[in-house]
Amino acid sequence: MAVGARSGHDGPEDRPPNGGVPADPVGDGGSPGFASPGSVPPGAEPPGGDASQDGSVSGGGTAPKKPRSFWKELPLLIGIALILALLIKTFLVQAFSIPSDSMQNTLQRGDRVLVDKLTPWFGSEPERGEVVVFHDPGGWLEGTETPEPNAVQNFLSFIGLMPSAKDKDLIKRVIAVGGDTVECKKNGPVTVNGKELDDKSFIFEGNSACDDQPFGPIHVPEGRIWVMGDHRQNSLDSRYHQELPGQGTVSVDQVVGRAVLVAWPVNRWSTLPVPKTFDQPGLNAAAAAAVPGALGVAGALPLVFWRRRRLTRERTAG
């Protein structure tokens, strides 16, 4: 017979001794039918804790802090995003827009390219075959009109999502670097250090190598590069600025970085690798030939000084 149920007599129900309080039959280990010591009667608050509305109890004695509103955190998130964008723009990569047809078909007008700005910070210099963005060396963009940007364009250029309209930058392919000799005769290919370049894979279809503007031979000074557009008959590149300081070459200090990726539009997504012709054997032959000569001179200098000192001592002794 369950405790607390009627026994079938008309008399009063039996009550627990000592005024005990009936408890849940399935208790926590106390005597069946009675509240065990330390248990909490239904509806009563436990000592040292707060009963919440859903029946849970917090033992800290203080109400939990209410989370901050999303709208209060939004300005902080935007600020962090802007700082990260500025750091990426300054030290890692930056987006540039292609404004002309001078690099067709490699790059089309309106393409957005990502430029690697990190490696130059570590002393890396442009190499033959790379597509690079560089500041106007002086006079290359003279007379070129630049449209006045609106507020949105100014903001996007500030955080690096668009190039700045105030910066006059160009994009070309590096053909020769410091120490190289480059030339191109009419109806002939471009040669670097006497090696012919096979440019069929990257120059605009139907273009000649340089028939519109033959040049050379030109010795590229150290710390400078010779650049040309892939659309040879529609590119005012190094060939057309030989009368300016630098004789058409560009200082590596003016190079912003190497264009590595066409990021927009999506259907134009592609990388910008170095054409294989720039990896052909012997292209560095001129530079390699100069190394043994320089080492020979450096090795001979100590011997010359030692011999002069010896002759001087003999004369003094005599």
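First residue of the sequence shown? That's 1 in full-length UniProt numbering, and the numbers climb one at a time after it.
A virtual CB, placed ideally from N, CA and C, is assigned to each residue, including glycine.
Please read these numbers as outputs of a predicted model, since none were measured by experiment.
Do the region 186-200 and the region 235-251 touch if we need at least three Cβ pairs shorter than 8 Å?
no
Nearest CA to the CA of Val131: which residue from Asn267, Val262, Ala209?
Val262
- Item | Whether Val256 touches Val133 by CB criterion (8 Å) | yes
Between the C-alpha atoms of Pro189 and Leu197, what's the straight-line distance to the nearest angstrom?
6 Å
Q | Strand pairing of Ser270, partner residues [DSSP] | A | Beta bridge pairing from DSSP links Ser270 with Val262.
Only counting the same chain, and skipping five residues up and downstream in sequence, which positions put a Cβ closer than 7 Å to that of Gly216? Val182, Glu183, Cys184
- Task: If I'm right that Pro245 touches Val174 with Cβ under 8 Å, what's the distance once you round it to whole angstroms?
- Result: About 19 Å; that fails the 8 Å criterion.
Exercise. For the region 229-242 against the region 201-219, are there 3 or more C-beta pairs whose distance is under 8 Å?
Worked result: yes
By how many angstroms is the C-alpha of Gly282 removed from the C-alpha of Trp105? What sits at residue 105 in the sequence shown is Asn, not Trp. Answer to the nearest angstrom: the Cα atoms are 28 Å apart.
Between the Cα of His219 and the Cα atoms of Asp212, Gln213, Gln242, which residue gives the shortest distance? Gln242
In whole angstroms, what is the alpha-carbon distance linking Pro178 and Trp71? Checking the sequence, you will find Gly at residue 178 rather than Pro. So the two alpha carbons sit approximately 55 Å from each other.
Near Asp116, what residues of its chain come up, given a Cβ to Cβ distance below 7 Å and the 5 sequence neighbours on each side ignored?
Val93, Gly257, Arg258, Val260
- [ ] Tell me whether Ile171 is buried or exposed, calling it buried when 16 or more other Cβ atoms sit within 10 Å of its Cβ.
- [x] buried
Alpha-carbon spacing of Pro120 relative to Ile80, whole angstroms: 26 Å
Gly179 in three-state terms, based on DSSP:
coil
Outcome for Asp111 when other beta-carbon atoms lying within 10 angstroms are tallied against a minimum of 16: Asp111 counts as buried, since at least 16 other C-beta atoms from the protein chains shown sit within 10 angstroms of its C-beta.
### Query
Taking DSSP as the reference, what is the three-state secondary structure of Val220?
coil
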